[in-house]
Amino acid sequence: MCTIGLFTRWNATCGVSMHAELIGREFIRMGFDIKVFAPHIQSADRWWHHRIVREDEEFVIRCYDEIPPSRKGYGNIEEDKILREDFDYLIVESYTPMPQERLERLIPRMRREKKDLKVVAVIHEGAREHIRYDIRIFDAVVVFDERYVDEIFKLDSAYRMNAGDAVRVSDAVVVNVGAADFYEAYKAPLIEVIPYPCMPVLRRWIRKFGEDGYIKFFSFGRQIFEEYNDYIHALDELSAEYDILYHVVRSDGLLPISRDWLVQERRRLSNKALYDMLHSSDIHLLPKSPTKFVVVSSTLHQCLGSLCITVVPDTRHFEMLPKIGEEKPAVVYENVEDLVNKLRALINDGEYRENVRDAAMKYVEKNRCDKIAKKFIQLFHRI
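Okay, so the sequence shown: first residue is 300 according to our numbering, each after it adds one.
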């Protein structure tokens with residue numbers, strides 16, 4: 300078996316780390332060795348980084364500094380720590396604070412010393428201007444859905460040919476005329492659409508709705524306070540009709556509000572503790588702010604496998620959720636009025652709940668982390 304390197308955040312509470320961990324741990328289960336090249340603790344645990352949540356495994360090598368939000372400096376990479384390790388493939392979980400300019404210089408050096416090395420980037424950036432290196436340093440670029448191709452890479456000079464854009468995309472998007480010649484001339488990397496992985500369904504849903512004598516809503520995370528406003532306003536209205544409890548677990552400070560039906564605690568949840576709470580809740584309320592950038596919600600992919608009904612705002616994080624059967628895998632609302640109506644429907648209509656849960660189960664089954672990891676292995680074999 301070969302060794303797979305991952306240049307990424309690791310053991311942190313963010314979507315970059317979660318993606319790397321979900322596929323990385325599956326690589327191990329498949330029999331591969333992995334080497335994880337992660338940011339130094341001093342850099343990774345600063346206020347702008349999503350916090351480190353567990354001790355590192357023996358295969359984790361902390362060897363680079365992230366770039367602070369001020370954009371001062373280029374970050375540092377301890378190159379020798381990477382070059383002395385043996386690995387056959389390298390996955391770069393690309394994100395904006397990564398020292399991209401340093402990495403752009405390091406990858407050619409890696410190729411000189413590791414003759415058959417193949418390098419794949421996973422794009423977490425939501426706009427082309429956030430990607431500062433020349434993507435032609437990679438053999439392939441992985442994106443989560445077709446929006447990244449349409450909104451980021453069709454505008455990339457590495458794919459522009461005369462008056463039209465030429466993009467080589469496998470299993471996803473039509474290639475323009477002349478793209479093959481363009482690819483050979485400019486060595487633009489293959490763009491592969493591989494969805495963000497889901498944590499698997501660990502057990503069937505056994506909770507009876509409202510079995511505690513009240514309807515239990517649940518949220519967790521470290522989102523800004525304003526992202527909870529819709530849920531607070533909706534539950535203010537619904538609390539006059541139903542017995543409810545809203546359990547909010549936050550890692551960085553409690554919400555500056557109080558209600559009789561609101562229970563808050565401050566702690567950081569492990570995946571096991573998170574799933575225990577989801578399994579003991581009726582409805583999961585997922586806060587998100589609108590954004591103009593291309594993005595997916597790692598939190599949703601983390602939680603859908605619990606089969607707890609999840610409610611989300613109509614933001615770009617969720618615009619690609621497909622309708623599966625009668626419903627989408629999560630309930631998407633447009634505004635507070637729509638949220639109240641949909642929560643009321645979830646409370647009163649058991650068939651509605653089961654249709655949403657069935658869609659979630661099918662979505663998770665299709666995008667399970669072990670299946671996504673296998674797609675990366677298949678990509679390695681093609682490049």
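For every residue, glycine included, the Cβ atom is placed at its ideal position computed from N, Cα and C.
Secondary structure of G520, DSSP reduced to three states
Strand at G520.
The ligand ATP and I582: does the residue's C-beta get closer than 7 Å to at least one heavy atom of that ligand?
This structure simply doesn't include the ligand ATP, nor any ligand for that matter.
For L603 and V419, I'd like the C-alpha separation in whole angstroms.
27 Å
Can you grab the Cα-Cα spacing for the pair A539 / A644, in whole Å?
The straight-line gap from Cα to Cα measures roughly 16 Å.
I need the boundaries of the alpha helix (DSSP H) containing V635, first residue and last residue.
635 to 647
Between G374, L553, G425, H546, which has its C-alpha nearest L405's C-alpha?
Sorting G374, L553, G425, H546 by C-alpha distance to the C-alpha of L405 places G374 at the top.
Among the residues of its own chain, which have a CB less than 6 Å from the CB of T614, if the five just before and after it don't count?
K587, P589
What do you get for I434, buried or exposed, if any count of 16 or more other CB atoms within 10 angstroms of its CB means buried?
I434 comes out buried.
Using DSSP with H/G/I as helix, E/B as strand and the rest coil, what is Y527?
helix
When you compare each of V335, Y632, E450, I514 to S316 by their alpha carbons, which one comes out closest?
V335
So, using beta-carbon positions, are L638 and D529 closer together than 8 Å?
yes
Give the DSSP-derived three-state secondary structure of T598 in the structure shown.
helix
Buried/exposed call for L585, threshold 16 Cβ in 10 Å:
buried
Do E626 and V595 have their C-beta atoms closer together than 8 Å?
It is not a contact, given that the beta carbons lie outside the stated cut-off.
In chain order, each alpha helix (DSSP H) run of at least 4 residues that lies wholly inside the region 531 to 582
570 to 578
Is it buried or exposed, N461, if we count other Cβ atoms within 10 angstroms and call 16 or more buried?
Any answer about N461 is weak, because its pLDDT of 35 lies below 50 and its placement is not dependable; what the coordinates show is given next. Around the CB of N461, fewer than 16 other CB atoms lie within 10 Å, so the residue is classed as exposed.
So what's D669 in DSSP terms, helix, strand or just coil?
helix
Thinking just about the alpha-carbon of each residue, which of A311, I360, P628, D657 is nearest to the one in R521?
With distances taken between CA atoms, R521 lies nearest to A311 out of A311, I360, P628, D657.
Name the DSSP bridge partner or partners of T609?
Bridge pairing for T609: H583 [DSSP].
Can you tell me the Cα-Cα spacing of G425 and Y394, whole angstroms?
9 Å
Close beta carbons around E377, own chain, < 6 Å, minus the five adjacent residues each side:
C362
Residue from M619, D449, P407 whose Cα sits closest to the Cα of R427
D449
Extent of the continuous beta strand (DSSP E) run through A337
332 to 338
Using 8 Å as the threshold, is the C-beta distance between E692 and T302 below it?
Any property of residue 692 remains undetermined from this structure, which presents the chain solely from 300 to 682.
Buried or exposed for S569, going by 16 or more other Cβ atoms inside 10 Å?
exposed
Considering only DSSP beta bridges, list what S393 is partnered with.
I422
CA nearest to the CA of V663, picked from M409, I490, P499, M619:
P499
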